[in-house]
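Participant: Offset between the sequence shown (1-based) and my numbering: plus 598.
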Amino acid sequence: MKDAVAVDPDIKASNLRRLRRIEGQVRGLHKMVEDGRYCADIITQVASVQEALRGVGRELMRNHLKHCAAAAIKQGDAKADAMYDELLELVYKHLR
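(1) Go ahead and label A667 buried or exposed: buried means 16 or more other beta carbons lie within 10 angstroms of its beta carbon, across all protein chains shown.
(2) On the premise that I640 lies in contact with L651, defined as a C-beta separation below 8 Å, what is that separation, rounded to the nearest angstrom?
(3) Work out the CA separation of H692 and C699 for me, nearest whole Å.
(4) My guess is that V647 and Q623 are in contact by the Cβ rule of under 8 Å, so how many angstroms apart are they, rounded?
(5) Determine the DSSP secondary structure at Y682, reduced to helix, strand or coil.
(6) Looking at the structure shown, is G655 part of a helix, part of a strand, or coil, going by DSSP?
(7) Output yes or no for whether 8 Å exceeds the beta carbon distance between I620 and N661.
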C-alpha cells in the first residue's frame, strides 16, 4: 500500500520542527558521551529522545489513520484488505 497522500502542511511543519529538536538532542547525547558525562544523565537524555520519537510516531500514525487508511477503507475490497494488513504491521512496529 504505497499510494502517497498529501500531508497537511501544518502537520508536516510540526513534525519537521519536532525532528529538528530531536536531532539536536541526539547531537547533545553524542557530546555527553564524548565528554564522559555521568551515565545516569546520559540514560535520562536517551529516554527523552525515545519519548520524543514516539510522539512523532504517534502523530504520523494519527495522520495515516485519518487520511490514508480512511481513503483506502472507503474504496473497499482489495485496497481495504491491504490497508488492514498494513495497519496491523504498523501497530506491531509502533508497540515494540
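Note that the Cβ used here is the ideal one computed from N, Cα and C, for glycine as well.
Because the structure is a prediction, the values reported are computed rather than measured.
Facilitator: Straight from the coordinates:
(1) buried
(2) Rounded, the Cβ-Cβ distance is 17 Å, inconsistent with contact.
(3) Past the boundaries of the shown model lies residue 699; the chain is included only from 599 to 694, so the question cannot be answered.
(4) 5 Å
(5) helix
(6) helix
(7) no
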